[in-house]
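Residue 321 in the numbering used here sits at position 331 of the sequence shown, and the numbers go up by one each step. In this text, a Cβ means the ideal position worked out from N, Cα and C, and glycines have one as well.
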Amino acid sequence: MAERKPVHVTEAELEEQRQYALEVRSLPQRPETYFIVTYGCQMNAHDSELLAGMLRDMGMSEAPDRENADFVLFNTCCVRDNAERRALGNVTWLKEVRKKNPRLMIGVCGCMIQQPGMAETILKQYRFIDLAFGTANLYRLPELMYRALNTDRAVVEVEERDVIAEELPVQRLRNDAAYITIMYGCDNFCSYCIVPYVRGRERSREPEAILEEAKRLRDSGVKEIMLLGQNVNSYGKSLETPVTFAELLRRLDALDIPRIRFMTSHPKDLSDELIAVMAESKHILPQFHLPVQHGNNEILQRMNRRYTRERYLERVEKLREAIPGIGLTTDIIVGFPGETEKQFQDTLSLVREVGYDSAFTFIYSPRKGTKAADMPDQISEDVATDRIKRLIAAQEEGQRKAQSRFLGQEEEVLVEGLSRRSDTAVSGHGRHGISITLPGSEADIGKIVRVRITGMKNNTLTGERID
Ligand code: 5AD
Ligand code: SF4
């Protein structure tokens, strides 16, 4: 593969976009309100915060829902077929809304658009879309909006460069917890995965830029930061002066932000140094999302995961030794091409052996352009559905057993909101990453509260306050 160098967006380019934002502000035909519909992972959720920041700079405010917005932007995902279909279904539905509101502008951006030829196909089949752009073009939204408002034709921009844009305006979803992207893209090319094709080559932000952002968040009162990347464990390799993820964490820990979390990790890059830093740190939470994907070595090899079941289990053991009680979560795929019943059983036994606190389980979805899409013996939907049901049952049983370790224990909860089931209860996440409900009111939102765990219900623990 030819080496691609990351491209840093220059200050001059950013200034140009700020000027476009001002121009848009003064256009009489510009939308007054926006609504962003986000699909997919936390990366996309954070991208939407940046998109919202830029739209605000263009003078728009957020609409209460998509029916009442002048501009609806779909920030899409393409990691599985159902994410794509849902997005396209919703885009089509909006066409009806436009009959009532002819001023309505429709935009589509994100991973789905970044697939080769996709933008053109969508625009041909969905002629009512006004604006489409890929993940690398996000920072150019002001200019694209300006052009879309000055033409009758659709504006499309998808570029291949591996961009890093600093200092974009941001409209964060929460005041108490914040995302920080530390790296973009992925070089792993797991054989089922489209991400390396749509998010480009792996590239890291400079540690100084990350620390600066974290300090600003700390000074604004943020209690928790979540570091984001497709594979945060290989952070820093692309830098002129390489820095390890463990070292970055050590420096972030020293800032005294109460809570630090990160995702996602690749087991092959989970170093002893990282485990040691986590064990010694004050603020890195005792939780780890470690996608295993499968429990059988032959399948892991065909997935191009570059670790074995044994190596994975050894990493889990090491984490548990160093950080007793650590919260463990994972991602698992069933129905990978050629997966036999016996191989699937290896996934079941691994889930039982580890005892995860929670797991995201997926039916394999062939993605055009990936190696696995061309593999023989694609598994039928019936077989895959049967397997995922059995996997979920095994996971739920393991989860109950795993989570009973918290009964009677003390935990700290960052309260996120009122509980959906009661007006006298609030909920949030404990340090181990598990959702906890406790007595409380709106005044507790954004606070860290101490509780003793008294019960377990479905995926949630319940606690009593002890402060
Ligand atoms: N089919 C099903 N699941 C997938 N994932 C990634 N690509 C696919 C695919 N083609 C899952 C992996 C990954 C998570 C984010 O999505 O488990 O860890
Ligand atoms: Fe996809 Fe594998 Fe990269 Fe994760 S590590 S984004 S699964 S290619």
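Note down the Cα distance separating A363 from L309, rounded to an integer number of angstroms.
Residue numbering aside, residue 363 sits at position 373 when the sequence shown is read from its first letter. Residue numbering aside, residue 309 sits at position 319 when the sequence shown is read from its first letter. Distance between the alpha carbons of A363 and L309 is about 34 Å.
Look up L451 in the DSSP assignment and say whether it is helix, strand or coil.
Translated into the one-based positions of the sequence shown, residue 451 becomes position 461. Three-state result, L451: strand.
Roughly how many angstroms separate the alpha carbons of T0 and V405, rounded to a whole number?
By one-based count along the sequence shown, residue 0 stands at place 10. By one-based count along the sequence shown, residue 405 stands at place 415. Straight-line Cα distance between these residues: approximately 39 Å.
Determine the closest residue to V441 out of M108, V416, N448 and P366, with distance taken between C-alpha atoms.
Reading the sequence shown from its first residue, position 451 is the one you call residue 441. The shortest C-alpha separation from V441 is found at V416.
Give a yes or no on contact between the region 80 to 89 and the region 43 to 52, applying the rule of three or more CB pairs nearer than 8 Å.
With the cut-off at 8 Å, the region 80 to 89 and the region 43 to 52 do not touch.
On a CA-only basis, which of F64, Y182 and L84 is nearest S355? Give me that one, please.
For the purposes of this step, residue 355 is identified with residue 365 of the sequence shown, where counting begins at 1. Among F64, Y182 and L84, the Cα nearest to that of S355 belongs to Y182.
Taking the alpha-carbon of V146 as reference, which of R241, M253 and L134 has the nearest alpha-carbon?
Within the sequence shown, numbered from 1, the residue matching residue 146 stands at position 156. Cα-wise, what sits closest to V146 is L134.
Is A362 near the ligand 5AD, judged by its Cβ being under 8 Å from some heavy atom?
Working through the sequence shown from its first residue, we reach residue 362 at position 372. Yes, Cβ of A362 sits closer than 8 Å to a heavy atom of the ligand 5AD.
With a threshold of 8 Å on Cβ separation, who are the neighbours of V306 within its own chain once the five nearest residues in sequence on each side are excluded?
For this step, residue 306 is matched to residue 316 along the sequence shown. L280, L318 and V344.
Under three-state DSSP, which class holds S394?
As a first step, residue 394 must be located in the sequence shown, where it is residue number 404. Three-state result, S394: helix.
Between the alpha carbons of I378 and G325, how many angstroms are there, rounded?
Walking along the sequence shown from the start, residue 378 turns up at place 388. Walking along the sequence shown from the start, residue 325 turns up at place 335. One C-alpha to the other measures close to 8 Å.
Quickly, what does DSSP pair Y10 with across the bridge? List them, please.
Counting from one through the sequence shown, the residue named residue 10 turns up at place 20. None, per the DSSP bridge assignment.
Can you find the residues in the same chain that come closer than 7 Å, C-beta to C-beta, to N449, ignoring five residues on each side of it along the sequence?
Here residue 449 is taken as the residue at index 459 of the sequence shown, counted from 1. Closer than 7 Å at Cβ, skipping near neighbours: S348 and S425.
On the CB-based measure, 16 or more other CB atoms within 10 Å of its CB, does R357 come out buried or exposed?
Locating residue 357 in the sequence shown gives position 367, counting from the first residue. Buried, because 16 or more other Cβ atoms sit within 10 Å of the Cβ of R357.
Is it buried or exposed, S210, if we count other Cβ atoms within 10 angstroms and call 16 or more buried?
Within the sequence shown, numbered from 1, the residue matching residue 210 stands at position 220. With fewer than 16 Cβ atoms within 10 Å of its Cβ, S210 is classed as exposed.
Inspect the CB distances between the region 1 to 20 and the region 187 to 194 and report whether three or more fall short of 8 Å.
In short, these stretches do not touch, since the Cβ pair count stays below three.
Could you check the C-alpha separation between T414 and R208 for me, to the nearest Å?
On the sequence shown, residue 414 is found 424 positions in, with the first residue counted as 1. On the sequence shown, residue 208 is found 218 positions in, with the first residue counted as 1. Straight-line Cα distance between these residues: approximately 30 Å.
Can you find a heavy atom of the ligand SF4 that lies under 8 Å from the Cβ of C67?
Position 77 of the sequence shown, counting from 1, holds the residue named residue 67. No, the beta carbon of C67 sits no closer than 8 Å to any heavy atom of the ligand SF4.
Taking the Cβ atom as the reference point for each residue, do H256 and N221 lie within a distance shorter than 9 Å?
Here residue 256 corresponds to residue number 266 of the sequence shown, with the count starting at 1. Here residue 221 corresponds to residue number 231 of the sequence shown, with the count starting at 1. In contact: H256 and N221 (Cβ atoms closer than 9 Å).
Apply the 10 Å Cβ neighbour rule to T66 and answer buried if 16 or more other Cβ atoms are within range, or exposed otherwise.
Along the sequence shown, one-based indexing puts residue 66 at 76. Result: buried.
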